[in-house]
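Here is the structure we will look at, set down as structure tokens.
Residue numbers (my numbering): 4 to 475.
Okay, here's the thing in structure tokens:
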């Protein structure tokens, strides 16, 4: 005989399902920790490598810029191949995680070699170039699979935004810590070759910790060891590998949103690369205070920690345009730095950093959106269930463009220094510069990033354009 409670239960209407659960905290934190690797690779060479070559090893500014750029040009060839390889990988650890682990650990060792400085002068410059080439190669094996992961760890745009938001926040933390600590370590180590060795070891430790942490934090997720046999709600297993590279490149070119994102990423990354490369020169020759580099980095990076939740309220191209406007205004205001008090210069850097935080968030959130839409479109055409597995190739192309831009920034800034008559030094201390060279430092640091950002906004205009019906 049924009790009243049982009867009420039988006759009750089913309760409405709650909102889908987002990514668990362990997964968000684990994925975000990979930004320790990304931020260290971007921040420390961006800040230290060009002045290390010009003011410690005595290399000419244009040649030093080429040393920074060439390894990234090599990555332009390597990244898509790494992406394709990770698309086709099947291991008990999953498709992406083995690359994240071993690529990150190899990168840590090569990074320490880059700043080991066993030889001075030209010989030391060649040793540095070889170490940086190895670092960039290992970074490709880490970064391309890492960037592809959000599209496979979450189905909803909101969940991907959460994963990417954590990634951007940790980029801020890592850039803040490494960007402030490395110059202090160089000074504490006596400057010159000896001081840079300490900075290289410090960066290697941070990179290794990030690689180990992201590998452990994403264990048990779909496609990895320990994952359940059926993907839980809101999760998706990686699809089968798609057609060959040539056809996948053609599909990427036929995707207006993705190609617009690539164009934007390379130009915007160049703007960031110029700002990072120019910061030590700006502190030395405009602010007249080499110790001011640390506060400049803190002022630029700290907004990453504070403003990401606010930027998350916006979406896509519109949010990127607002963020870029703030970044460009901040950069242009730096032209007045010679007559501004130090506190005002730091406030302007914070304004630029606030815009930069939004730029990173929107660029990194639009990439998994493009990957997911590409897979859904392929599945609708009758492709493999869930769409063909192009995430690695698409993320490889994106990483290539981003890396080329970051490397082009120091190269362009080096050209500006060379054209303005910058004098290199092999003493570990910056040489006295002419008024023209100091003007070149200021113009390259402030005006060039603003112009590149304006171009990036224009290049993103095709992001929301649908693909043609005849696209492959």
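The C-beta atom is built at its ideal place from N, Cα and C for all residues, glycine as well.
Within 10 angstroms of the Cβ of residue 58, are there 16 or more other Cβ atoms? Answer buried if so, exposed if not.
-> buried
Inter-residue Cα distance where the pair is residue 245 and residue 90 = Because the pLDDT of residue 245 is 46, which lies under 50, any placement of that residue in the model is unreliable, and the question is left without a value.
Cutoff 8 Å; reference residue 207; Cβ partners in own chain excluding five residues on either side | 111, 112, 114 and 115
Under 8 Å between C-beta atoms of residue 301 and residue 179 = yes
Cβ pair count under 8 Å reaching 3, the region 285 to 304 against the region 317 to 332 = no
Could you pull out every residue in the same chain whose Cβ sits closer than 6 Å to the Cβ of residue 216, ignoring the five residues on either side in sequence?
-> 36
Using DSSP with H/G/I as helix, E/B as strand and the rest coil, what is residue 118?
-> coil
Taking buried to mean at least 16 other C-beta atoms within 10 Å of its own C-beta, is residue 311 buried or exposed?
-> buried
Limits of the alpha helix (DSSP H) - the one that residue 96 falls within = Residue 96 -> no alpha helix (DSSP H), and no H or E assigned at all.
Whose CA, out of 436, 438 and 401, lies closest to the CA of residue 147?
-> 401
Burial state of residue 124 (16 or more Cβ within 10 Å) = exposed
Which one of 441, 427, 408 and 438 has the shortest CA to CA distance from residue 456?
-> 408
Cα-Cα separation between residue 188 and residue 464, rounded to whole angstroms = 43 Å
What number of angstroms, rounded off, separates the C-alpha of residue 434 from the C-alpha of residue 466?
-> 46 Å
For the alpha helix (DSSP H) containing residue 274, list its first residue and its last residue.
-> 259 to 288
Residue 190 to residue 281, Cα distance in whole Å?
-> 19 Å
In three-state DSSP terms, what is residue 362?
-> helix
Measure the Cβ-Cβ separation of residue 151 and residue 86 and say whether it is below 8 Å.
-> yes
For the alpha helix (DSSP H) holding residue 55, just list the boundary residues, first then last.
-> 53 to 58
Count the other CB atoms within 10 Å of the CB of residue 161; is the residue buried (16 or more) or exposed (fewer)?
-> exposed
Which residue comes first and which comes last in the alpha helix (DSSP H) that contains residue 33?
-> 28 to 35
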